[in-house]
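Let me begin by presenting the structure, written as C-alpha cells, before commenting on it.
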Amino acid sequence: MNTEEKVKNIIAEAIEVEVSKIEEDTAIGDFPKWDSMGQVIIISALEKEFDIKFDPEVIMDLEDVGDMIEAVEERIS
Amino acid sequence: MPFVSIEEKIFEWARRTPEKTALVDKKVSITYKELVDNIWSVKAKLEKDFFIEKDDVVLLAANKNVNFIYSYFALHLIGAKVAPLDEQIQVDKLDHVVDQTKPKLIVGLALKNDNRCYDFDIFKNIESTNIPVDIDYPKVKQHADVLFTTGTTGNPKGVLLTHGNIAASAENINTFVRNTNSDIELLALPISHSFGLGRIKCVLSAGGTLVLLGSIVNMKRMFRSFEEHKITGFGMVPASWEYIQKMSGNRLSDFSEQLNYIELGSAYMSPKDKKHIKALFPNTRICMHYGLTEASRSAFMEFSTDSIYLDTVGKASPNVEIAILDQLGKTTNLGNEGEICVKGDHVFDGYLNMSKDDFFHGDYFRTGDIGSIDANGYISLKGRYKEIINVGGKKLSPIEVESKITEFDASLETACIGVEDPEGVLGEVVKLFIVKTDAHHNFNDIKRFLKSNLESYKVPVFFEWIDEIPKTKSGKIQRQKLL
C-alpha cells in the first residue's frame, strides 16, 4: 500500500466511513464524525503510523485529505 | 429580581436599536428589527400551518442556523415547549425522546414514516406578519425548554426549564461575565446543550451580536471569523481549548487585545492550564462556570480575581445559593465534604415524567457532586455521585457500555470509569474493568465488537482484568474505588 492509500485508510477508519468515500478534496466537516475529535484522532493516528510529529503551524493547514497526504509525504521522504 | 422574559428583552432591543446587527450566519447579517420580524412571522406560520398551541412540545434539531433561532423564540412566544436535540442523535435515543415528549412537530430530524417530521426549509421565504403593539410575553412559571441530558441509566432525561429559570440564568451569567450590548460573540459551541444554547440567550438578551460558526474544527475559518467580525467574546469547553492548542499552539492569543471575555464550560481543567490561559489573555475576563443543565452556571470563577483559588470551581454565581448537605439534607460543618446543593430561580422545575422528590432537599437541588466549601465561599469539587463520563465534551453513562458488553457475552461482569486521557486532549476516556473468567476472550475481540456497536468515543481506550468489582451491599458498583 502506498502512502496515499495508507493515509486514506487511516482517515476512513478514524471517521468511520468506507475508504472509497475518501477523496483528495474530502475535508474537515464533510462527515459528521470528522469533527474536532475526529481531527485529533486522525492526526494522532498519522503521527503514530508514520512515526512523525506535526508542528501546530502545520496542523492548522491540514484541512483536507490532500493536505494530509502531502504533509506525510514531505516528512517521510 | 423582577422577571422579564428573554423574548421581551430581545423585542425591547429591537425597539431601541433596530438597525444593530443581532446575528451573523455565514454571509448573512440580521438586524434586531429583522430578527423580531422573522420570529413573529415564523410564529404565525407555526400557528397557522402546523396548529402549534400553548403547551405543545416541538423537537428542533439544534442546527446552528438562523431558522433554529427564529423558531426557538417563536415557539416560546406561542407558549410551546422546545426540545433542542443534537442532529446526530442515535435513533433509539430519538425514539425515547419522542415517546417521552409526544411532540406535535419535529423539525430537522427524520423519523421513518412519521408525518410530524419537516425540514428547516419550511421557514424559508415565509410571508411577513406585522407585530402587534401589545405582545403576550411568556410567563415566569410557564415551561420553555425540555433539555435532554445523559441519564445515569443510559436513557436521556428531560430537564424541564421554565421561562423564569432561563431568564434568571441569563441574568446571573451576564452579571458575572459582564456582557453588554457592545459584545460581538463567536458561537462555536453545540447548541443542543445548555452551555451553547445559553450563550444565544445571554448575548441576545444583552443586545449584543452573535456570530454563528459551525464548530471550531476548521481552525483557519475560526481565526478568520475572529478577525473579520472583530470578535470580543468567546465560549469554549476545556476540551476545545486542548484542541485549539494542539491544532494552532497559542495563536488564539493574537486576539487577546480584542477579547473582553472567554466563558469556559464545566469540566476539569488543571490549575496549570488555567494559569497558562490567564497569562495568554492578561486583559480578558476568563470566566469558568460550574453547573449542570438542571442548574445552569451555579458557580463561577474568574481566573485573575480568583487567582489563588484556581483549584476550586469558584463561588456561587450572583443570585445563587450553594450549600453542602449530608445525605439527610442537613448542612455540614464548614470545610466538610457533602453533596453540593443549589438553590435559586435558575434551578429547573423537575424532570419530565419523573417525581422531583429524590432530586431535592427542600428548595435545594441535589447535584450529585461531592464537594466542600471554605469560609470565603469557594467550592472544591471532590468527586461525584453521578457517574457520567465526559469524553472531549461528549457525555456517556458507564452503564451504556457495560450493558452493550452483555450483548457480546452475557456472562461477563464489567465496570467502566472515566480516566484522564494520556494524550491530554479529550479530558477523559473510558476504561473498562472485566472480571477474569474462564471464557477465552481477549481485549481486542471485545474492543472490535464495541467499535461496531457503539459511537467511537464510547469505546474503551483502556482495559484491565480484575478479580472482583467493588460493590455496595445493595449491589451497586462503587466506581470511586476503581479510580
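Those protein sequences? They're chains A and B, same order as listed.
Numbering of the first sequence is given in my numbering, commencing with residue 379 and proceeding in unit increments.
Numbering of the second sequence is given in my numbering, commencing with residue 158 and proceeding in unit increments.
Think of the CB as a built atom: it goes at the ideal place given N, C-alpha and C, for glycine as much as any other residue.
Bear in mind the structure is a predicted one, so any value in this text is a computation, not a measurement.
*Nearest chain B C-beta to A/V443 closer than 8 Å, yes or no?*
no
*chain A within 8 Å of B/L232, Cβ atoms only*: no
*Determine which residues of the region 398 to 415 of chain A have a Cβ less than 9 Å from any Cβ of chain B, and write them out in chain order.*
A405, I406, G407, P410, K411, W412, D413, S414, M415
*asked:* Let's see if you can read the secondary structure: which residues bound the alpha helix (DSSP H) around B/R605?
replied: Residues 600 to 610.
*Spatial neighbours of B/K286 within its chain, please: CB distance less than 7 Å, with the 5 preceding and 5 following residues excluded, ordered by chain position.*
Before going on, a small fix: residue 286 of chain B reads as Thr here, not Lys. The residues are W197, S198, A201.
*So which residues of chain A does B/I373 contact, with C-beta pairs closer than 7 Å?*
S414
*What residues in its chain sit with their C-beta under 7 Å from that of B/N510, if we drop five residues either side in the sequence?*
Q257
*Would you tell me roughly how many angstroms separate the C-alpha atoms of B/G236 and B/K166, rounded to the nearest one?*
16 Å
_What does the alpha-carbon distance come out to for the pair B/T389 and B/P439?_
Put simply, the backbone Cα of B/T389 is about 14 Å away from that of B/P439.
*B/L406 versus B/L437 - alpha carbon distance*: Note on identity: in this sequence residue 406 of chain B is Gly, with Leu being the wrong assignment. In this model, B/G406 and B/L437 are separated by some 11 Å (Cα to Cα).
*May I have the straight-line CA-CA distance separating A/K411 from B/S186, to the nearest angstrom?*
When rounded, the distance between both Cα atoms is 29 Å.
*Could you work out which residue in B/F517, B/S349, B/R356, B/I536 is closest to B/A698 when comparing CA atoms only?*
Residue 698 of chain B is absent from the structure shown; chain B starts at 158 and stops at 640.
*Could you give the uninterrupted runs of the beta strand (DSSP E) lying entirely in the region 420 to 446 of chain B, keeping only those of 3 residues or more?*
none
*Please report the residue range of the alpha helix (DSSP H) in which B/L203 lies.*
189 to 207
*Cβ atoms of B/E164 and B/Y275: under 8 Å apart, would you say?*
no
*Check the DSSP bridge columns for B/T488 and list the partner residues they point to.*
B/L482
*asked:* In the DSSP assignment, the alpha helix (DSSP H) including B/F565 goes from what residue to what residue?
replied: For B/F565, the enclosing alpha helix (DSSP H) has its first and last residue at 555 to 565.
*Are the beta-carbon atoms of B/L254 and B/F305 separated by less than 8 Å?*
Note that residue 254 of chain B is Val in the sequence shown, not Leu. The answer is yes: Cβ separation under 8 Å.
*Of all the options B/R454, B/D463, B/Q415, which has the alpha carbon lying nearest to the alpha carbon of B/K431?*
B/D463
*asked:* Can you confirm whether B/Y400, when its beta carbon is compared against all beta carbons of chain A, has any partner nearer than 8 Å?
replied: yes
*asked:* Tell me the residue span of the beta strand (DSSP E) that contains B/K588.
replied: 585 to 592
*Ordered along the chain, which non-local residues of its own chain (more than five positions away) have a Cβ less than 7 Å from that of B/S568?*
T594, A596
*Expected contact under 8 Å - CB spacing of B/I574 and B/L491 to nearest Å*: Not confirmed; about 31 Å, so no contact.
_Let me make sure I understand the geometry here. Which of B/D483, B/Y508, B/Q484, B/M426 has the alpha-carbon closest to that of B/F715?_
This structure does not reach residue 715 of chain B, given that chain B is present from 158 up to 640, and the question cannot be answered.
*Ignore the nearest five residues each way along the sequence and tell me which others in B/L467's own chain have a CB closer than 6 Å to its CB.*
The answer, listed in chain order, is P428, K431.
*Per-residue burial, B/K403 [other beta carbons within 10 Å of its own, 16 or more giving buried]*: buried
*Whole angstroms is fine: what's the gap from B/L482's alpha carbon to B/T489's?*
6 Å
*Does any CB atom of chain B fall closer than 8 Å to the CB of A/E394?*
yes
*Through-space distance from B/G534 to B/F207, alpha-carbon basis*: 50 Å
_CA-to-CA distance, B/G549 to B/P555, given in whole angstroms_ = 15 Å
_Chain-ordered residues of the region 405 to 429 of chain B with a beta carbon less than 7 Å from chain A_ = S405, G406
*Would you mind listing the beta strand (DSSP E) stretches within the region 485 to 553 of chain B that are 3+ residues and don't spill past its ends, in chain order?*
Entirely contained in the region 485 to 553 of chain B, the beta strand (DSSP E) runs reaching 3 residues are, in chain order, 495 to 500, 521 to 530, 536 to 541, 546 to 548, 551 to 553.
*Hey, would you say B/S372 sits closer than 8 Å to A/S422, going by beta carbons?*
Against a cut-off of 8 Å, the Cβ pair of A/S422 and B/S372 comes out as no contact.
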